[in-house]
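**Q** Submitted below is the structure of interest, expressed as structure tokens.
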């Protein structure tokens with residue numbers, strides 16, 4: 001994924017409504033063309049000022065006020081338009097939906113719509129669809145072909161495994177299309193939201209792209225409802241992606257396009273900017289060769305995962321390359337042993353800092369070794385100093401290119417040793433050997449800002465409870481204002497990318513943003529989260545988080561298929577609720593979590609008191625539970641009747657905040673405090689919506705921003721100094 005932002009081309013004129021002035025006469029009703037929805041903006045386009053009586057003006061104004069302002073657009077034609085020279089010559093994004101390049105999609109998001117170019121290796125029809133699920137049923141589908149020099153496009157929707165039905169409302173607009181002896185090219189556009197129940201709303205959520213093609217045109221291709229030949233089982237597929245919050249790329253170079261009627265024949269699309277490669281090296285990041293850029297390869301030296309191991313955390317220490325000056329990391333990407341992509345769940349590279357006397361030789365030995373399991377005693381006692389995240393990669397990501405204004409620092413006097421943690425997920429119990437890892441690219445051409453990584457959310461531990469058999473379970477982790485007040489500069493930090501992370505049960509994730517009691521728009525959110533696709537989200541513009549701002553990592557889970565409780569933890573079948581924020585400038589805060597207080601956990605389970613010094617932990621009160629263990633209560637609680645009470649208690653109960661940097665708490669004793677849920681006086685959606693930029697203008701700047709949590713006897717924004725407590729390493733996950 002590439003975060004470089006090119007100059008966007010100027011969008012063409014609005015295609016969805018005529019700009020010809022409409023001159024109503026008395027008694028004329030203002031109706032949209034058939035199949036069209038009308039908004040106030042649309043009427044503003046069609047009702048151009050014309051001489052009219054005051055009564056007419058009053059009627060028009062009244063009608064404008066009545067029309068809802070929903071962002072819905074549609075177009076009634078499915079068209080036989082020809083490609084025009086004004087069509088885009090390049091696109092921001094590209095995905096190969098079929099690995100050999102037989103089906104390629106390119107697209108550019110614009111103000112009101114998204115324009116797609118679909119290229120398929122066929123002279124028959126092609127199908128392309130958008131869906132929240134990886135299946136055809138309910139999908140928003142468009143089918144197109146070229147016949148006798150004319151391009152055709154039909155708006156359809158999936159209905160089980162049957163031929164997709166033709167929509168009554170047609171919202172895909174054909175811009176143009178043509179074919180040669182081998183390929184078909186169709187260019188089309190779709191508004192973000194058509195308000196059609198059969199259409200998929202294009203948003204920042206994870207989406208599945210569906211594709212299929214056949215070597216023949218439909219039967220009776222010029223009729224309004226032609227019959228499609230079945231595409232078969234090998235000419236179809238799905239791919240999970242982000243359509244909008246993707247790293248901005250260098251515009252995709254076009255292969256030679258010749259307009260219909262040109263003298264020269266159309267050559268087969270050759271896609272000269274990319275060549276078919278194995279899945280694990282197919283990134284399309286278009287980096288120019290630069291003699292100032294160097295690569296640092298970190299790979300595991302033949303880790304053997306046994307059949308009995310369903311989850312393995314492997315830790316390998318590396319010594320960084322020798323440096324004579326400061327450098328910036330500008331990109332990293334995964335390297336896979338072919339065939340092992342399915343097993344590698346995440347890779348994190350940590351800085352190893354504050355080495356004690358004598359540890360230099362120990363780390364030299366670790367760097368020369370093959371590594372070991374992260375929980376083995378021989379390595380665990382040493383890698384407690386490896387806590388500061390430099391690189392984090394998770395399943396589904398193609399890697400990250402940092403924006404041109406920021407890079408992650410590598411310095412001669414900085415950390416000399418780094419530890420790579422690889423999480424292997426092996427649910428089927430296979431035996432395999434792996435040499436996967438990370439490729440890091442860095443340069444001595446220093447950028448303006450040092451970048452950092454901040455982990456926000458619910459600290460992974462057993463107090464994070466997810467009851468079984470529930471369609472919706474909500475969990476929250478807090479990054480409190482006291483942490484940000486102490487760690488952030490007066491101008492705040494600027495978040496440019498986010499990775500959202502849960503395990504198998506996660507369905508929705510968002511990072512909420514509070515300032516002075518007011519809730520701003522989420523920094524990032526996904527209402528269609530996919531565990532197998534954890535790509536970075538490139539924000540359209542950096543998001544500022546000021547000192548005193550309060551962040552909430554919020555996750556929604558579906559545990560309907562689980563028969564017993566799920567706890568927070570590091571195994572894949574455990575759960576997590578974390579978000580990683582990439583930002584600049586780098587600050588002394590790497591982890592800003594919370595965990596439910598023990599009092600809240602016990603209250604949510606109907607437990608009043610535990611027996612002192614009991615092992616295993618035993619319940620003392622209420623009397624009907626006396627003598628039962630806490631583990632027994634977790635496994636035998638009546639979740640069906642008590643779930644709503646549990647959910648209310650965990651939301652309104654207390655939590656313990658955590659503010660860490662490089663393995664140490666930056667605020668002494670803060671984890672011993674029981675804090676309440678923040679008081680949100682102006683919730684999102686309640687009253688006038690305020691953008692983050694407007695909130696920044698309104699925020700007090702003298703103290704670097706307003707607090708969202710009241711002082712708790714600390715005197716303002718917390719204390720610097722004091723005793724620091726080393727965080728005990730207990731294993732990690734993204």
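In the UniProt record's numbering, the protein residues as written are 1 to 734.
Don't be surprised by glycine CBs; every beta carbon is placed ideally from N, CA and C.
Given the structure is predicted, the values throughout are model-derived calculations rather than measurements.
Can you name the residues that DSSP bridges to residue 454?
**A** In the chain shown, counting from the first residue as 1, residue 454 sits at position 454. Its beta-bridge partners are 581.
**Q** Is it the case that the Cβ atoms of residue 396 and residue 534 are separated by a distance below 7 Å?
**A** Here residue 396 refers to the residue found at position 396 when the chain shown is read from its first residue. Here residue 534 refers to the residue found at position 534 when the chain shown is read from its first residue. Contact: yes.
**Q** Cα-Cα, which of 504, 543, 171 and 502 is closest to residue 521?
**A** By one-based count along the chain shown, residue 521 stands at place 521. Taking only the C-alpha atoms, the option nearest residue 521 is 543.
**Q** For residue 615, which option in 603, 606, 631 and 608 has the closest C-alpha, if you only look at C-alpha atoms?
**A** On the chain shown, residue 615 is found 615 positions in, with the first residue counted as 1. Nearest of 603, 606, 631 and 608 to residue 615, Cα basis: 631.
**Q** Under the rule that 16 or more other beta-carbon atoms within 10 Å means buried, what is residue 230, buried or exposed?
**A** Here residue 230 refers to the residue found at position 230 of the chain shown. Classification of residue 230: exposed, given that the 10 Å Cβ count is below 16.
**Q** Quick check on the DSSP output: what are the complete alpha helix (DSSP H) runs of length 4 or more inside the stretch 552-630, in order along the chain?
**A** Counting only runs that start and end inside the stretch 552-630, the alpha helix (DSSP H) elements of at least 4 residues fall at 598-604.
**Q** Pick helix, strand or coil for residue 656, following the three-state DSSP scheme.
**A** Start at 1 with the first residue of the chain shown, and residue 656 comes out as number 656. In this structure, residue 656 counts as strand in the three-state DSSP scheme.
**Q** If I follow the unbroken beta strand (DSSP E) through residue 154, where does it start and stop?
**A** Counting from 1 along the chain shown, the entry for residue 154 is found at position 154. Looking at the DSSP string, the run of the beta strand (DSSP E) that includes residue 154 is 150-157.
**Q** Suppose the cutoff is 7 Å on Cβ atoms and the five residues either side in sequence are ignored; what does the same chain contact list for residue 299 look like?
**A** As a first step, residue 299 is located in the chain shown; it is residue number 299 there, counting from the start. The residues are 335, 435, 436 and 437.
**Q** Compare the C-alpha of residue 514 against each of 404, 107 and 678 and name the closest.
**A** In the chain shown, residue 514 corresponds to position 514, counting from 1. Taking only the C-alpha atoms, the option nearest residue 514 is 678.
**Q** Count the other CB atoms within 10 Å of the CB of residue 351; is the residue buried (16 or more) or exposed (fewer)?
**A** As a first step, residue 351 is located in the chain shown; it is residue number 351 there, counting from the start. Counting of Cβ neighbours within 10 angstroms places residue 351 among the buried residues, the total reaching 16 or more.
**Q** Tell me, to the nearest whole angstrom, how far the beta carbon of residue 167 is from that of residue 156; I am working on the premise that it is less than 8 Å.
**A** The sequence position of residue 167 within the chain shown is 167, counting from 1. The sequence position of residue 156 within the chain shown is 156, counting from 1. The Cβ separation is near 6 Å, so the contact holds.
**Q** If we ignore side chains and look at the alpha-carbon of each, how far apart do residue 429 and residue 310 end up?
**A** Position 429 of the chain shown, counting from 1, holds the residue named residue 429. Position 310 of the chain shown, counting from 1, holds the residue named residue 310. Taking the straight line joining both Cα atoms gives about 6 Å.
**Q** If we count the other Cβ atoms within 10 Å of its Cβ and call it buried at 16 or more, is residue 448 buried or exposed?
**A** Position 448 of the chain shown holds residue 448. The residue in question, residue 448, is exposed, as its Cβ has fewer than 16 Cβ neighbours within 10 Å.
**Q** Work out the CA separation of residue 326 and residue 585 for me, nearest whole Å.
**A** Position 585 of the chain shown, counted from the first residue, corresponds to residue 585. Position 326 of the chain shown, counted from the first residue, corresponds to residue 326. One C-alpha to the other measures close to 16 Å.
**Q** What is the DSSP secondary structure of residue 515, reduced to helix, strand or coil?
**A** On the chain shown, position 515 is the one that residue 515 refers to. Three-state result, residue 515: strand.
**Q** What are the residues that DSSP puts in a beta bridge with residue 484?
**A** Residue numbering aside, residue 484 sits at position 484 when the chain shown is read from its first letter. DSSP output for residue 484 lists no bridge partner at all.
**Q** Counting along the chain, where does the alpha helix (DSSP H) carrying residue 367 start and finish?
**A** Here residue 367 refers to the residue found at position 367 of the chain shown. Segment 359-368, the alpha helix (DSSP H) holding residue 367.
**Q** Using beta-carbon positions only, say whether residue 466 and residue 353 come within less than 7 Å of one another.
**A** Working through the chain shown from its first residue, we reach residue 466 at position 466. Working through the chain shown from its first residue, we reach residue 353 at position 353. Their beta carbons are not under 7 Å apart, which means residue 466 does not touch residue 353 by this criterion.
**Q** Is residue 591 closer than 7 Å to residue 453 when the C-beta atoms are compared?
**A** The sequence position of residue 453 within the chain shown is 453, counting from 1. The sequence position of residue 591 within the chain shown is 591, counting from 1. Not closer than 7 Å, so no.
**Q** Assuming contact is defined by CB atoms lying nearer than 7 Å, are residue 569 and residue 657 in contact in what I supplied?
**A** Sequence index remark: in the chain shown, residue 569 carries index 569 (1-based). Sequence index remark: in the chain shown, residue 657 carries index 657 (1-based). No, these two residues do not count as a Cβ contact at 7 Å.
**Q** Decide if residue 137 is buried, meaning its Cβ has at least 16 other Cβ atoms within 10 Å, or exposed.
**A** Translated into the one-based positions of the chain shown, residue 137 becomes position 137. Result: exposed.
**Q** Considering only residues of the same chain and omitting the five flanking positions on each side of residue 474, which have a CB-CB separation below 6 Å?
**A** In the chain shown, the residue the question calls residue 474 occupies position 474. Answer for residue 474: 556, listed in chain order.
**Q** Alpha carbons only, please: which of 294, 318 and 295 is nearest the one belonging to residue 301?
**A** Here the question's residue 301 lines up with position 301 in the chain shown. For residue 301, the nearest C-alpha among the options comes from 318.
**Q** Give every residue of the same chain whose Cβ lies closer than 6 Å to the Cβ of residue 109, excluding the five residues on either side of it in the sequence, and list them in chain order.
**A** Locating residue 109 in the chain shown gives position 109, counting from the first residue. Here the set comprises 244.
**Q** Specify, as a first and last residue, the run of the beta strand (DSSP E) that residue 493 falls within.
**A** Taking the chain shown and counting its residues from 1, the one referred to as residue 493 is at position 493. Taken as a continuous stretch (DSSP letters only), the beta strand (DSSP E) holding residue 493 covers 493-501.
**Q** Can you tell which of 571, 651 and 647 has its C-alpha closest to the C-alpha of residue 462?
**A** Residue mapping note: residue 462 aligns to position 462 of the chain shown, counting from 1. Here the closest residue by C-alpha is 571.
**Q** Would you kindly work out how many angstroms separate the C-alpha atoms of residue 734 and residue 162, rounded to a whole number?
**A** Stepping through the chain shown from its first residue, residue 734 is reached at position 734. Stepping through the chain shown from its first residue, residue 162 is reached at position 162. Since pLDDT at residue 734 reaches only 46, below the 50 mark, its modelled position is unreliable, and the value read off the structure follows with that caveat. Cα-Cα distance, rounded: 41 Å.
**Q** How long is the line joining the alpha carbons of residue 647 and residue 638, rounded to whole angstroms?
**A** Along the chain shown, read from residue 1 onward, the residue named residue 647 stands at position 647. Along the chain shown, read from residue 1 onward, the residue named residue 638 stands at position 638. Going from the Cα of residue 647 to the Cα of residue 638 covers about 13 Å.
**Q** Let me confirm a value: residue 16 is counted as buried when at least 16 other C-beta atoms fall within 10 Å, else exposed. Which label applies?
**A** Start at 1 with the first residue of the chain shown, and residue 16 comes out as number 16. In this prediction, residue 16 has a pLDDT of 28, which is less than 50 and means its spatial position is unreliable; nothing more can be read from the coordinates.
**Q** Thinking C-beta only, is residue 200 closer than 7 Å to residue 130?
**A** As a first step, residue 130 is located in the chain shown; it is residue number 130 there, counting from the start. As a first step, residue 200 is located in the chain shown; it is residue number 200 there, counting from the start. Cβ distance < 7 Å, so residue 130 and residue 200 count as in contact.
**Q** Less than 7 Å between the beta carbons of residue 390 and residue 295, yes or no?
**A** Locating residue 390 in the chain shown gives position 390, where the first residue counts as 1. Locating residue 295 in the chain shown gives position 295, where the first residue counts as 1. Going by C-beta atoms, residue 390 is not nearer than 7 Å to residue 295.
**Q** Looking at C-alpha atoms only, which residue of 619, 518, 621 and 599 is the closest neighbour of residue 681?
**A** Translated into the one-based positions of the chain shown, residue 681 becomes position 681. Answer by Cα proximity: 518.
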